[in-house]
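For what it's worth, our numbering labels the leading residue of the sequence shown as 8, then goes sequentially. In this text, a Cβ means the ideal position worked out from N, Cα and C, and glycines have one as well.
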Amino acid sequence: MSIRKSTFGTSAYGGAGWSPRTDSLRAELGTVWAEAGIDSEWRRLTTVMLHRPGAELDASRDPNAVQMLDVIDVPKAQDEHDALAQAFRDNGVVVHYVDPAGPARPNQMFCADLMFLTPEGAILARPASTVRAGEERQVARRLADIGIPIVKYLQGHGTFEGADAMWLDADTVVVGNGMRTNRDGAEQVAVTLAEMDVETLIVDMPYGTMHLMGMLRFADKDLAVAWPRRTPHALVLALRERGYEVIFLPEDSEYEMNRAMNFVTLGPRKILLEAGYDAIQRFYESHGVDCVTVPAKELVKAAGGFGCLTGVLARERG
């Protein structure tokens, strides 16, 4: 076989046979990459990522050391998590598992914190606590396995957790600046979203709160649920400007309020809610919201609920 003495004009050097890549990254989702991404919090949920907890929850024997609330019975927590996954499947949602390469960290199951999906792929989180540092590596590997592009990982001293970001509409994301997501991290996320022609509203979180997810949720294109006296004033105004009815939960104990907020929206006016909170369920149903319920008394001892446990990978888009 003879070797060409000149490379000029060959396909490798831009000559005949060169095939330019002209589609945008967004257009390649579903072809080169997996079908994924979101631009709302309320459209029909299609794909999620979960981590089934295991022996790593033995660390809850010293709950405060791993940012949990109580000692967890691991088999009971696993049963509840299995029921959560089955509830997703029963509602037509594809479930992927993190399946860590090596031992999992104690909070690995809180997948919502570890990513935030955009129409072009995932923004990978950089958790704010040393207890959770490195969890994102396992998620990054799994996203690559599934075929979801990572469009951003934070640099410098920025921290960002996915439960601090939500889509207000297809052109606007709100990011909470507080203990878990610092100003540097929020601004880095805003720069990435601006490259997608998405505006970012950064709001300050009240001191002593965890995530924005814990004070604002969406049940439909025009229905938002807020925690009174915690949800930032500017955020409520931004919601109303976009046509949302903002309903405020009846005030109860902090524990009850946390359980009430920590749901997953399966689709318009349909949510997955922790079982056993009848008054909360009646409140949602009075606003036309259908509630699918699953027990989680053991899982919530880890200081999070269904919303925290669920990494949303894809929703239907308009």
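Where the alpha helix (DSSP H) containing residue i begins and where it ends
| i | result |
| --- | --- |
| Ile157 | It is not in any alpha helix (DSSP H) - Ile157 instead sits in the beta strand (DSSP E) that spans Ile157 to Tyr160. |
| Leu32 | Leu32 to Glu35 |
| Leu316 | Phe313 to Leu316 |
Outcome for residue i when other beta-carbon atoms lying within 10 angstroms are tallied against a minimum of 16
| i | result |
| --- | --- |
| His240 | exposed |
| Trp25 | exposed |
| Arg96 | exposed |
| His294 | exposed |
| Ala23 | exposed |
| Ser31 | exposed |
| Val100 | buried |
| Glu206 | exposed |
When the options are compared against residue i, the one with the closest alpha-carbon
| i | options | result |
| --- | --- | --- |
| Asp91 | Met220, Asp77 and Arg59 | Reading off the sequence, residue 91 comes out as Leu, not Asp. For the residues Met220, Asp77 and Arg59, the minimum Cα distance to Leu91 belongs to Arg59. |
| Glu87 | Met116, Gly44 and Arg28 | Met116 |
| Met203 | Arg276, Gly295 and Ile45 | Ile45 |
| Leu200 | Thr188, Val180 and Leu219 | Val180 |
| Lys83 | Met122, Arg96, Cys118 and Asp65 | Asp65 |
| Val301 | Gly16, Gln93 and Glu63 | Gln93 |
| Tyr251 | Arg237, Ala267 and Ala233 | Ala233 |
| Arg49 | Tyr20, Lys228, Met56 and Asp178 | The question names Arg, but residue 49 is Trp in the sequence shown. Considering only alpha carbons, the answer is Lys228. |
| Leu316 | His103, Leu175 and Gly16 | His103 |
| Ala62 | Cys298, Phe15 and Pro113 | Pro113 |
| Val81 | Ser67, Gln74 and Ala72 | Ser67 |
Range of the contiguous beta strand (DSSP E) that encloses residue i
| i | result |
| --- | --- |
| Val307 | Element bounds for Val307: n/a, residue is neither H nor E. |
| Val39 | Taken as a continuous stretch (DSSP letters only), Val39 belongs to no beta strand (DSSP E), as it is neither H nor E. |
| Thr54 | Leu52 to Leu57 |
Check whether the region 285-297 touches the region 215-224, taking contact to mean three or more Cβ pairs, one atom from each stretch, closer than 8 Å.
-> Judged by Cβ distances under 8 Å, the region 285-297 makes no contact with the region 215-224, as fewer than three pairs qualify.
For the region 247-262 against the region 194-210, are there 3 or more C-beta pairs whose distance is under 8 Å?
-> Counting Cβ pairs under 8 Å, fewer than three are found: no touch.
For the region 64-104, list the beta strand (DSSP E) runs that are entirely contained and at least 3 residues long, ordered along the chain.
-> For the region 64-104, whole beta strand (DSSP E) runs of length 3 or above, ordered along the chain, are 101-104.
Can you give, in chain order, each stretch of the alpha helix (DSSP H) that sits fully within the region 248-304 and has at least 4 residues?
-> DSSP runs (the alpha helix (DSSP H)) wholly in the region 248-304: 261-268 and 285-292.
Contact the region 116-134 vs the region 34-47: 3+ CB pairs below 8 Å | Yes, since at least three Cβ pairs between the region 116-134 and the region 34-47 fall closer than 8 Å, the two stretches touch.
Stretch pair the region 146-158 + the region 183-195: three plus CB contacts closer than 8 Å | No, the region 146-158 is not in contact with the region 183-195.
Kindly provide the ranges of any alpha helix (DSSP H) runs that are 4 or more residues long and lie completely inside the region 102-177, ordered along the chain.
-> Fully enclosed alpha helix (DSSP H) runs of 4 or longer: 142-153.
If you scan the region 163-247 from start to end, which runs of the alpha helix (DSSP H) of 4 or more residues do you find wholly inside it?
-> As far as the region 163-247 is concerned, its whole alpha helix (DSSP H) runs of at least 4 residues are 190-201.
State whether the region 156-172 contacts the region 189-200, with contact taken as three or more CB pairs (one from each stretch) at a distance under 8 Å.
-> Under the three-pair Cβ rule at 8 Å, the region 156-172 counts as touching the region 189-200.
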